[in-house]
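Take 0 as the starting number for the sequence shown in numbering that gives the first Met the number 0 and just add one per residue. Positions of the beta carbon are idealized from the N, C-alpha and C atoms, including for glycine.
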Amino acid sequence: MSEFLPICRPQLSEEAIEAATAVLRSGWLTNGPQVVKFEDALSEYFGRPTRTFNSGTASLEVALRVIGVGKGDEVITTPLSWVATANVILAVGATPVFVDVDETRSMDLNLVEKAITPATKVIMPVYLSGRPVDMDKLYDIARRHKLRVVEDAAQALGSTWKGKRIGSFGDIISFSFQATKNITTGEGGCLVLNEGEVRLAEKIRLQGVTRMGYEMEVDVLGGKYNMTDMAAAIGLCELKRLDSVCAKRRQLVLAYFEALEGCVLPLDDTDEIKSNWHLFQIQVSGSRSAFQEAMKQQKIGTACHYPPIHLFQLYRERGFEEGMFPMAEKIGKSIVSLPLFPLMGQDDVKRVAAAVIAAQAQMK
Numbered sequence: 000m001s002e003f004l005p006i007c008r009p010q011l012s013e014e015a016i017e018a019a020t021a022v023l024r025s026g027w028l029t030n031g032p033q034v035v036k037f038e039d040a041l042s043e044y045f046g047r048p049t050r051t052f053n054s055g056t057a058s059l060e061v062a063l064r065v066i067g068v069g070k071g072d073e074v075i076t077t078p079l080s081w082v083a084t085a086n087v088i089l090a091v092g093a094t095p096v097f098v099d100v101d102e103t104r105s106m107d108l109n110l111v112e113k114a115i116t117p118a119t120k121v122i123m124p125v126y127l128s129g130r131p132v133d134m135d136k137l138y139d140i141a142r143r144h145k146l147r148v149v150e151d152a153a154q155a156l157g158s159t160w161k162g163k164r165i166g167s168f169g170d171i172i173s174f175s176f177q178a179t180k181n182i183t184t185g186e187g188g189c190l191v192l193n194e195g196e197v198r199l200a201e202k203i204r205l206q207g208v209t210r211m212g213y214e215m216e217v218d219v220l221g222g223k224y225n226m227t228d229m230a231a232a233i234g235l236c237e238l239k240r241l242d243s244v245c246a247k248r249r250q251l252v253l254a255y256f257e258a259l260e261g262c263v264l265p266l267d268d269t270d271e272i273k274s275n276w277h278l279f280q281i282q283v284s285g286s287r288s289a290f291q292e293a294m295k296q297q298k299i300g301t302a303c304h305y306p307p308i309h310l311f312q313l314y315r316e317r318g319f320e321e322g323m324f325p326m327a328e329k330i331g332k333s334i335v336s337l338p339l340f341p342l343m344g345q346d347d348v349k350r351v352a353a354a355v356i357a358a359q360a361q362m363k
């Protein structure tokens with residue numbers, strides 16, 4: 000009998016396990032030399048200064064605080080994302096302004112300018128499943144309206160636009176190293192920053208503290224967002240595997256496209272856009288819950304990434320309601336993520352595809 004196939008199965012290299020063990024034995028567990036090394040490696044990877052945090056949510060919030068987003072400001076973003084995208088906007092006292100998505104499942108850039116008001120301070124696109132938006136168009140809008148951009152690239156480490164790595168250009172870019180991401184530190188995140196904003200991000204990361212020899216000063220409000228040395232040691236090893244991990248995911252995705260012809264599938268890569276394929280998401284007809292239960296009966300895991308943010312109670316209480324963003328609602332009610340991780344093989348893809356087709360047939 001087949002074993003249960005989860006939607007994701009994190010795989011750490013032996014090198015990463017040994018590195019984490021070495022940190023545990025070192026007596027230095029919090030942020031220290033391994034964090035410095037990981038930040039150096041990330042800065043080299045992106046070609047820009049990069050700082051680590053204890054989650055991708057923390058890095059997003061710090062990005063907004065670095066820019067000075069607060070009460071009275073508006074941040075334009077998408078309702079089709081993990082709720083953290085909008086929660087961090089509320090956390091800094093600002094107002095999320097949603098614009099609907101298009102067939103890419105990301106923010107419809109044609110709608111962004113209509114949402115800009117005198118209070119708009121930031122555009123925050125989300126690269127769902129790792130697929131970037133049209134970066135030229137995004138930054139053209141930002142430049143013309145003198146807006147900052149915080150890219151929620153939590154799922155897009157390893158993705159590219161016109162041959163350039165996401166994070167290697169642009170304004171401020173936030174990534175996640177949560178357990179299911181293409182590379183992981185268990186939990187963690189990073190910010191790719193502009194040179195003049197690095198020091199402020201460092202201060203906000205650790206209670207606003209500036210150390211001066213044996214003395215210290217606090218001149219900004221900060222939090223406790225620093226990465227541990229154990230997480231950084233894992234990240235250093237994982238970063239070496241990123242290209243091979245993305246390549247393996249791409250192989251599996253190609254097999255999915257072939258096996259699931261006729262289903263509502265994500266858009267494939269183009270000459271300009273190369274996704275890291277963090278997720279492979281289909282859209283199902285009928286009840287998603289019934290579909291997921293049918294897949295579970297075949298011992299195959301699935302997930303929903305994501306229900307529309309504006310329909311959660313927290314956001315309905317702020318004036319959002321059903322019907323405001325019809326494309327996001329349509330996709331959010333039907334989207335299902337299928338198993339996708341490097342330990343899978345072609346037979347696993349065939350097994351999942353057969354179960355998908357059977358489950359959809361039952362629902363007709």
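Item                                                                                                    : Value
Close beta carbons around G221, own chain, < 8 Å, minus the five adjacent residues each side            : K202, I203, R204, L205, Q206, G207, V208
Beta bridge counterpart(s) of Q177 as assigned by DSSP                                                  : G185
Inter-stretch contact (C-beta, 8 Å, three-pair minimum) for the stretch 264-277 and the stretch 156-166 : yes
Cβ contact check for the stretch 237-247 and the stretch 113-121: 3 or more pairs under 8 Å             : no
Three-way DSSP call (helix, strand, coil) for D151 in this model                                        : strand
Environment of E2 [buried if 16+ CB atoms lie within 10 Å]                                              : exposed
Same chain, Cβ closer than 8 Å to L371, five either side skipped, listed in chain order                 : The requested residue 371 is not part of the displayed model; the chain covers only 0 to 363.
Endpoints, beta strand (DSSP E) assigned at V121                                                        : 119-123
7 Å CB neighbourhood of T301 in its chain, flanking five on each side removed                           : I6, Q291, M294, V335, S336, L337
Residue from L310, S288, I299 whose Cα sits closest to the Cα of R350                                   : I299
Given 8 Å, three or more beta-carbon pairs between the stretch 142-158 and the stretch 17-27            : no
Classification of G212 by the beta-carbon crowding that lies within 10 angstroms, buried from 16 upward : exposed
Classification of D99 by the beta-carbon crowding that lies within 10 angstroms, buried from 16 upward  : buried
As assigned by DSSP and simplified to three states, the class of M229                                   : helix
When A353, N86, Q33 are compared against Q312, the one with the closest alpha-carbon                    : N86
Straight-line gap, E320 to V149 (C-alpha atoms, nearest Å)                                              : 26 Å
Beta-carbon gap between V61 and L264 smaller than 8 Å                                                   : no
Cβ contact check for the stretch 122-131 and the stretch 70-87: 3 or more pairs under 8 Å               : yes
Whole-Å CB distance - M226 paired with N53, under 8 Å assumed                                           : 5 Å
Classification of D135 by the beta-carbon crowding that lies within 10 angstroms, buried from 16 upward : exposed
Counted within 10 angstroms of its Cβ, other Cβ atoms place T51 as buried (16 or more) or exposed       : buried
Test item: CB-CB of S173 and L59 under 8 Å                                                              : yes
Which residues DSSP lists as bridging M215, in chain order                                              : R210
Rounded separation between L253 and E13 - CA only                                                       : 28 Å
A246 and M362 closer than 8 Å at C-beta                                                                 : no
Distance CB(L266)-CB(T84) smaller than 8 Å                                                              : no
Residue from Y224, G261, R287 with nearest C-alpha to I330                                              : R287
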